[in-house]
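Here the structure is laid out as structure tokens; the discussion comes afterwards.
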Amino acid sequence: MNLRIHIHQAFTGGWCADIDDDHDRQPDDPYWCVDQWPTQQDALTAACVQLAGLNASAQRTQPPPRISGAA
Numbered sequence: 035m036n037l038r039i040h041i042h043q044a045f046t047g048g049w050c051a052d053i054d055d056d057h058d059r060q061p062d063d064p065y066w067c068v069d070q071w072p073t074q075q076d077a078l079t080a081a082c083v084q085l086a087g088l089n090a091s092a093q094r095t096q097p098p099p100r101i102s103g104a105a
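Per my numbering, residue 35 is the first one in the sequence shown, and the count goes up by one each step.
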């Protein structure tokens with residue numbers, strides 16, 4: 035499974051970050067998502083930390099859960 039980080043500006047200001055699969059099959063149901071980071075770098079740093087954790091989980095053969103719990 036290939037996961038990717040998506041960083042974008044929030045409508046209300048600040049930055050959003052989410053992690054989803056390669057093809058973004060469920061863009062409304064990411065593996066991780068947080069919005070309202072004050073800077074783009076803050077959002078990217080947080081997403082990288084989370085991605086490392088998801089990668090460690092995947093290495094233990096446990097698929098990462100989606101936010102809603104749906105696969």
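Even for Gly, the Cβ is constructed at its ideal location relative to N, Cα and C.
The structure displayed is predicted, hence computed values, not measured ones.
With respect to Ala44, Ala81 sits apart: the two C-beta atoms are not nearer than 8 angstroms. Within a 10 Å sphere around the beta-carbon of Gln70 sit fewer than 16 other beta-carbons, which makes this residue exposed. Less than 8 angstroms separates the beta-carbon of Ile101 from that of Pro64.
Of the candidates Ile53, Thr46, Trp49, the residue whose Cα lies closest to the Cα of Arg38 is Ile53. Taking all protein chains in view, the Cβ of Ala77 is crowded by 16 or more other Cβ atoms within 10 Å, so the residue is classified as buried.
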